[in-house]
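So the protein sequences, as listed, match chains R and W. Numbering follows this note's numbering, in which position 534 of the first sequence is assigned residue number 534; successive positions increment by one, without gaps. Numbering follows this note's numbering, in which position 2 of the second sequence is assigned residue number 719; successive positions increment by one, without gaps.
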Amino acid sequence: MTVVAQPEIREASQTTPRSEVARVALVGNPNSGKTSLFNQLTGLNQKVGNFPGVTVDKKTGTCQLSANQKVQIIDLPGTYSLYPKSLDERVIIDLLYDSASAHYPDLVVVTADASNLKRNLLLFTQLADLKIPAILALNMVDVAEQEGVKIDIPALHKGLGVPVIPMNARKGIGIAALKILILQHLEPTPVQFYTIPDALKPVTETIKARFGLASDYLALHYAHQYKSLKFLSAEEAEWIGALLETHEFKSNVAQADETIARYTYINELLLDVVRVERVEKDEKFSNRLDQVLTHKVFGYLIFMGILFLVFQAIFTWASYPMDLIDQGFASLNGLIQDNFSGPLINLLTEGIIAGLGGVMVFIPQIAILFAFIAVLEETGYMARVTFMMDKIMRKFGLNGKSVVPLISGVACAVPAVMSARTIENWKDRMITIFVTPLMSCSARIPVYTVLIALVVPETYYFGFLNLQGLVLMALYLIGFLAAIFSALLLKVILKARERSYFIMEFPVYKMPRWKNVGLTIVEKVKAFVFEAGKVIVAISIILWVLASYGPGNSFEKAEQQAIVEAKQQNLSETELQNLISSHQLEASYAGVIGRTMEPAIEPLGYNWKIGIALLTSFAAREVFVGTMSTIYSIGEEENVSTIKNKLMMEKDKDGEPYFNLARSFSLMVFYLFAMQCVSTLAVVRRETKSWTWPLAQLVYMSGLAYVMAFITYQVLS
Amino acid sequence: MQKREEEHIDKKSVRDLKLGECGIICCLKDPDMGLKLLEMGCLPGTQVKLNSRAPLGDPITIIVNDYTLSLRLDEAETIMLK
């Protein structure tokens with residue numbers, strides 16, 4: 001199986017190894033095993049990065065070919081042809097059409113699913129006609145053979161004019177042969193799969209001459225796609241546009257004709273190469289499974305069951321490692337504080353390490369969520385969920401694939417926004433990313449529970465319906481409705497850049513490849529920690545500085561005042577320390593800002609103390625409880641009942657409880673709508689590659705929060 | 718709905734197939750969508766079979782060239798049958 005005959009076309013200079021690190025691009029249809037092959041070749045030596053000017057991430061990795069030969073592997077999004085239909089697929093043309101680009105590959109490896117060779121070869125013949133040296137990685141040959149598809153490899157190799165390597169990327173078969181072949185000096189195939197019709201020749205030849213292109217087919221692609229080729233100057237694009245007009249070039253018709261011509265060629269080629277004695281056993285199994293999993297009733301029930309399991313996992317399994325991480329950072333901080341002192345150490349412990357802890361604590365949730373998502377994707381179940389939900393979601397400007405991020409958003413918006421990547425359509429993906437943070441995430445829970453406990457009595461209906469629980473559920477429901485209706489609003493506002501398709505291959509059910517699952521988790525966690533981490537650390541440092549320093553000698557005054565008050569009230573040493581930090585917070589820049597913003601938040605019923613909490617909560621909502629405890633001088637203890645008691649004792653100027661029904665609900669509503677999460681903003685910025693979206697989100701959600709909290713306070717008071 | 722039936726009184730599309738029923742593709746009506754469908758193997762002369770419907774009736778899955786393709790009814794409507 002691993003012995004591969006060399007094509008006769010090139011005899012000389014085959015074994016001269018390349019002197020420099022070469023670039024190999026991996027191209028192939030979705031579900032052709034491209035990701036498995038990429039993982040086999042690169043293992044953990046992979047990174048996700050955005051290439052300049054490209055809106056979607058590209059994965060690259062290095063592959064050790066031999067003891068002293070390394071090669072860079074570029075993983076490109078799965079596509080069915082070189083005519084891109086989505087933003088994702090556009091990455092391919094950016095890479096393959098500009099031979100002057102620093103990322104232009106020396107070689108392409110095309111993966112093809114052996115059981116569906118005809119359709120997989122369409123992309124291959126297009127690439128081959130670009131005259132880039134290519135290797136065909138014929139994947140899952142053994143599986144196809146079991147299904148009754150027999151492929152005559154030497155005949156295929158002869159027909160295509162490039163090396164063909166039978167392999168099973170999942171099991172690692174054929175990888176060694178592929179590595180050997182990559183090392184060798186390969187030439188483009190001499191076979192021309194598509195002859196450009198005479199009618200188009202004047203166009204292609206003029207373009208070829210003007211840009212000095214290597215192939216006629218590349219010139220044809222310039223004609224079809226000049227509008228999206230970023231490396232062309234405006235003048236060059238204009239020139240092509242004018243040329244096409246004089247020759248009455250019809251892009252649609254030409255593309256359709258080309259596709260049919262290619263399929264005709266492939267059909268003839270495969271006549272002698274592929275013999276099918278199909279047993280149709282596997283397909284029937286998948287179909288039978290579909291009858292249950294996409295059933296009118298059971299389909300939705302099973303889906304709900306899986307969701308329930310995912311939530312349970314995120315909430316329960318994640319809490320143990322999250323506590324460990326929390327404790328780990330706390331003891332690290334303690335260790336440093338016990339042994340060192342000074343303002344820099346404070347910055348390190350209260351700013352940087354506290355900030356980092358805030359990032360790291362999300363890792364278990366992200367890992368668990370993406371483990372589930374990867375398994376659901378790998379098995380092919382996700383395609384079925386999308387299929388079942390598409391019609392419902394479409395009404396709100398979303399699409400079937402938006403279900404996953406929205407549901408994940410109840411745990412944490414950060415991984416949820418990242419999971420929106422599976423949505424190919426730009427508009428649908430942007431709407432999904434935009435509305436996902438409205439789903440009530442787990443960070444809102446501490447805020448909700450403290451405030452509900454303050455004002456909602458613990459009454460039971462019918463013996464089991466807890467009123468406090470009902471209020472909590474209502475808050476989640478409001479969040480969901482807000483997300484759905486915001487989507488509807490955006491649907492009207494946003495102009496679609498591309499047409500929404502739902503033409504999608506339905507993959508056959510498969511066992512998940514655990515290596516792929518593991519690598520997905522590592523990749524997502526790494527992306528989160530490094531990208532969102534940078535921002536959250538920066539913000540924590542700023543917040544630390546604002547809360548730790550005050551204008552002039554205000555801090556000393558605050559301390560002295562606290563000592564005087566403590567003597568009057570006969571307070572203990574710890575109570576004194578708490579009082580000092582409370583007074584100092586009021587005197588700090590954060591306190592000053594809180595005072596300054598008081599007029600703005602007064603209509604919502606808040607004072608400057610809540611103002612500081614609101615402000616610090618913009619980094620992360622959980623901070624609310626911590627800030628309130630500092631302000632109400634109970635130190636760092638995040639003991640809910642203590643906070644509750646302190647808040648209960650707070651009186652307004654008439655001697656009534658300060659946290660009354662109106663204020664508490666106004667606060668809950670504010671926390672429900674407001675975008676108070678730097679991690680989410682950072683991730684949205686990362687995923688959309690622009691500041692426009694996170695800023696729009698910040699403005700929209702904060703505005704919504706303000707208006708809703710205002711209405712709540714005014715109606716209830 | 719009424720209008721659609723009048724327009725294609727003598728022409729069937731994949732949308733009109735019954736569950737499990739087969740047809741032979743004659744042409745693709747929508748040029749934009751047509752290309753995507755062509756690339757996915759929905760070529761004139763190919764056999765299609767309506768395989769299943771989503772619980773709410775839309776989208777559907779069809780079988781072309783031995784693999785399953787899911788698409789919306791609006792998209793299925795553009796695949797005309799002989």
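A virtual CB, placed ideally from N, CA and C, is assigned to each residue, including glycine.
Assuming residue i and residue j form a contact by the criterion Cβ under 8 Å, report the distance between their Cβ atoms to the nearest whole angstrom.
i: leucine 755 of chain W; j: alanine 256 of chain R; result: 6 Å
i: leucine 332 of chain R; j: isoleucine 353 of chain R; result: 6 Å
i: valine 91 of chain R; j: leucine 26 of chain R; result: Actually they do not touch by this definition, with Cβ atoms about 12 Å apart.
i: glutamate 559 of chain R; j: glutamine 584 of chain R; result: 7 Å
i: leucine 406 of chain R; j: threonine 436 of chain R; result: 6 Å
i: alanine 112 of chain R; j: serine 32 of chain R; result: 6 Å
i: proline 772 of chain W; j: tyrosine 589 of chain R; result: About 57 Å; that fails the 8 Å criterion.
i: arginine 23 of chain R; j: proline 105 of chain R; result: 5 Å
i: cysteine 744 of chain W; j: methionine 797 of chain W; result: 5 Å
Suppose contacts are defined by Cβ-Cβ distances below 8 Å. Is residue i in contact with residue j by that definition?
i: valine 141 of chain R; j: isoleucine 151 of chain R; result: yes
i: leucine 107 of chain R; j: proline 77 of chain R; result: no
i: alanine 371 of chain R; j: isoleucine 503 of chain R; result: no
i: asparagine 139 of chain R; j: asparagine 29 of chain R; result: no
i: leucine 438 of chain R; j: histidine 221 of chain R; result: no
i: threonine 189 of chain R; j: leucine 160 of chain R; result: yes
i: tryptophan 317 of chain R; j: isoleucine 366 of chain R; result: no
i: threonine 795 of chain W; j: leucine 786 of chain W; result: no
i: glycine 397 of chain R; j: alanine 483 of chain R; result: no
i: lysine 557 of chain R; j: alanine 587 of chain R; result: yes
i: tryptophan 544 of chain R; j: glycine 351 of chain R; result: yes
i: leucine 181 of chain R; j: isoleucine 153 of chain R; result: no
i: phenylalanine 659 of chain R; j: leucine 716 of chain R; result: no
i: valine 410 of chain R; j: cysteine 441 of chain R; result: yes
i: alanine 613 of chain R; j: phenylalanine 670 of chain R; result: no
i: tyrosine 509 of chain R; j: threonine 379 of chain R; result: yes
i: isoleucine 478 of chain R; j: leucine 672 of chain R; result: yes
i: leucine 454 of chain R; j: leucine 647 of chain R; result: yes
i: valine 149 of chain R; j: histidine 157 of chain R; result: no
i: phenylalanine 464 of chain R; j: proline 603 of chain R; result: no
i: tyrosine 263 of chain R; j: leucine 122 of chain R; result: yes
Give the range of the alpha helix (DSSP H) segment to which residue i is assigned.
i: alanine 446 of chain R; result: Looking at the sequence itself, residue 446 of chain R is proline, so the reference to alanine does not match. Unbroken alpha helix (DSSP H) run through proline 446 of chain R: 445-455.
i: valine 143 of chain R; result: 141-146
i: proline 163 of chain R; result: First-last for proline 163 of chain R: undefined, no H or E at that position.
i: isoleucine 742 of chain W; result: Not the alpha helix (DSSP H): isoleucine 742 of chain W falls in the beta strand (DSSP E), residues 739-745.
i: glycine 28 of chain R; result: From DSSP, glycine 28 of chain R is part of no alpha helix (DSSP H) but of the beta strand (DSSP E) over 22-28.
i: valine 274 of chain R; result: Run containing valine 274 of chain R: none in the alpha helix (DSSP H); it sits in the beta strand (DSSP E), 274-276.
i: glutamine 40 of chain R; result: 34-42
i: methionine 708 of chain R; result: 692-716
i: asparagine 252 of chain R; result: 251-271
i: aspartate 749 of chain W; result: 748-756
i: isoleucine 314 of chain R; result: Looking at the DSSP string, isoleucine 314 of chain R is not in any alpha helix (DSSP H), and its letter there is neither H nor E.
i: asparagine 346 of chain R; result: 343-346
Under DSSP, the beta strand (DSSP E) around residue i begins and ends at which residues?
i: glycine 61 of chain R; result: 58-66
i: serine 787 of chain W; result: 784-788
i: phenylalanine 506 of chain R; result: 504-506
i: glutamine 69 of chain R; result: 69-75
i: arginine 421 of chain R; result: That residue, arginine 421 of chain R, is in no beta strand (DSSP E); it is neither H nor E in DSSP.
i: threonine 778 of chain W; result: 777-781
i: methionine 797 of chain W; result: 796-798
i: lysine 150 of chain R; result: 149-151
i: asparagine 570 of chain R; result: Run containing asparagine 570 of chain R: none; DSSP gives neither H nor E here.
i: alanine 496 of chain R; result: Looking at the DSSP string, alanine 496 of chain R is not in any beta strand (DSSP E), and its letter there is neither H nor E.
i: leucine 767 of chain W; result: 764-770
Do residue i and the ligand NAP come close, with the Cβ less than 7 Å from some heavy atom?
i: valine 403 of chain R; result: Summarising the ligand content, the structure contains no ligands, and the ligand NAP is consequently not present.
Worksheet item: What residue ranges within the segment 594-669 of chain R form continuous alpha helix (DSSP H) runs of no fewer than 4 residues, ordered along the chain?
Response: 608-617, 623-631, 640-649
**Residue ranges of each alpha helix (DSSP H) within the segment 100-136 of chain R, 4 or longer** = 117-129
Are the segment 735-745 of chain W and the segment 693-703 of chain R touching by the rule of at least three beta carbon pairs closer than 8 Å?
-> no
Could you tell me whether the segment 617-625 of chain R touches the segment 657-677 of chain R, using the rule of 3 or more Cβ pairs below 8 Å?
yes
- Contact between the segment 428-435 of chain R and the segment 651-667 of chain R: three or more CB pairs below 8 Å? no
Q.
Could you check whether the segment 167-178 of chain R touches the segment 36-43 of chain R, counting it as contact only if at least three pairs of C-beta atoms, one from each stretch, sit closer than 8 Å?
A. yes
Using 8 Å as the Cβ pair cut-off and three pairs as the minimum, do the segment 232-244 of chain R and the segment 193-210 of chain R touch?
-> yes
Runs of alpha helix (DSSP H) lying entirely within the segment 525-567 of chain R, each at least 4 residues, in chain order: 533-548
| Could you give the uninterrupted runs of the beta strand (DSSP E) lying entirely in the segment 353-399 of chain R, keeping only those of 3 residues or more? | none
Suppose only complete runs of 4+ residues qualify. What are the alpha helix (DSSP H) ranges in the segment 153-211 of chain R, listed by chain order? 153-160, 175-183, 201-211
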